[in-house]
Amino acid sequence: MKGWEVRIIFILALGLAGTLASGSLMMGFIGLAIGIAAAVLEQLLVKISADRIIYITAGATAGLIAGILIILVLNIGIKSENRQAWSDLLVLIPVALAYVFAIVALRKGSRLELITLEEKDKVRWNMPVLVDLSAAVDGRIADLTLAGLLPGPFIIPSSVKSSIAQMQKGRNIVKRGRARRATETIERLEEAVGKAGGLVEYRDFGDGEREKNRILEWLRRESVTLLSADTEMCDVASREGIQVINLDDVGPASRKVVLPGDVVTVKVQKKGRTASQGVGFLSDGTMVVVDEAGAMIDKEVQVCAHTTFRASGGTMVFSRLAQDENNGNDTD
């Protein structure tokens, strides 16, 4: 159990404890109120950095101690018959000093950098990412995580696992294959994140048509990035102002850039538009057109790029045989 499930159980437990301890329903409501206040306080404190909490706690403690000492000194000088009248007023002194000391400790301590607990957090780059079903089926998220490009934490809708289970039970061979790949992807993702000390959280957004709207609303509210291979989902999220990683854009963006003059090795696989041209592909799928290589099918050759053409469908490299390029340079 994670998130609000634990908090709800905690709140109900306080309400039940208040009722059973006093036998009064009113005390049960007070227990519920205390539980709700504690849950809200937890949410506020989680957003505060660790060093700030230490500064505030240390300052407030010092203020309370100083205030109590002042009260003890003042009680010595106050006549016994007047102490009762002054007692209520003197209680405010520790409270006031706790506030003053906490603010001073926070401001001065932060400027002097007395505590550097946040250094590890600064080194570790966190980017919460929601992974939908299409991204799980795609599979590249596990490789990106293993490469350290996506540290997480990762959030996966609970419906993803149920959808995978339905696909596995179906008779469609293609869907069963996708379900198997999605299962392997999630297992590899959990393994990779576990080694890095990260977190994979499963969150329930409900089922049916409203699930998509709930996911988008939650992504926008929590400032979480959407990772998906669903172009329609990515477009809708982008229009909503949500940060999106479209896996279809990751491949072209990570391909090696071949510049004019670069020498690469390519296997000629087929002829080009003309009989004298040969066509091959780099390991990332980039098409390479080689002049005067039509007779070198199934041979690996070194080529020198002279023109690079990039379009929405991918990149094409036009090249010459490297030996011909060298011969031309020698002639010059």
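The sequence shown begins at 142 in our numbering and counts up by one.
Quick reminder that beta carbons are idealized off the backbone N, C-alpha and C, glycines included.
Buried versus exposed call for residue i [16 or more other C-beta atoms within 10 Å across all chains shown]
i: Thr372; result: exposed
i: Met475; result: Not covered by the structure: residue 475. The range shown for the chain is 142 to 473.
i: Met167; result: exposed
i: Asp279; result: buried
i: Ser165; result: exposed
i: Thr415; result: exposed
i: Thr326; result: buried
i: Tyr240; result: exposed
i: Leu330; result: buried
C-alpha distance - residue i paired with residue j, whole-angstrom precision
i: Ala178; j: Glu146; result: 16 Å
i: Pro292; j: Leu271; result: 12 Å
i: Lys316; j: Lys310; result: 9 Å
i: Val398; j: Val458; result: 10 Å
i: Val365; j: Leu238; result: 40 Å
i: Asp192; j: Gly250; result: 9 Å
i: Leu247; j: Leu186; result: 15 Å
i: Leu161; j: Phe170; result: 12 Å
i: Lys440; j: Pro269; result: 46 Å
The beta strand (DSSP E) enclosing residue i, as first and last residue numbers
i: Ser369; result: 366-369
i: Leu271; result: 270-272
i: Met428; result: 428-432
i: Gln410; result: 404-412
i: Val385; result: 385-387
i: Glu342; result: 341-344
Own chain partners of residue i with C-beta closer than 7 Å, once the 5 adjacent residues on each side are dropped
i: Thr324; result: Ile305
i: Gln443; result: Val404, Thr406, Ala463
i: Leu173; result: Ile152, Leu155, Gly156
i: Ala333; result: Ala283, Thr286, Leu287
i: Ile211; result: Ile234
i: Lys411; result: Val420, Ile438
Three-state secondary structure (DSSP) of residue i
i: Leu423; result: coil
i: Asn267; result: coil
i: Met437; result: coil
i: Thr472; result: For Thr472, the predicted structure reports a pLDDT of 47, less than 50, and the residue's modelled location is therefore unreliable. A value from the coordinates is still provided. Three-state DSSP puts Thr472 in a helix.
i: Ala174; result: helix
i: Ile296; result: strand
i: Val278; result: helix
i: Gln443; result: strand
i: Ser304; result: helix
i: Leu360; result: helix
i: Leu231; result: helix
i: Leu462; result: strand
i: Lys261; result: Low per-residue confidence applies at Lys261: pLDDT is 44, beneath 50, and the placement is therefore not dependable, though the value from the model is reported in the following sentence. In the structure shown, Lys261 sits in a helix (DSSP, three-state: H, G or I).
i: Thr415; result: coil
i: Val147; result: helix
6 Å Cβ shell around residue i - same chain, five flanking residues per side excluded
i: Leu157; result: none
i: Phe242; result: Gly200, Ala203, Gly204
i: Leu274; result: Val301, Ser304
Cutoff 8 Å; reference residue i; Cβ partners in own chain excluding five residues on either side
i: Leu285; result: Leu291, Val391
i: Arg319; result: Val278, Met308
Run of the alpha helix (DSSP H) containing residue i, from where it starts to where it stops
i: Arg317; result: 314-336
i: Ser379; result: 372-380
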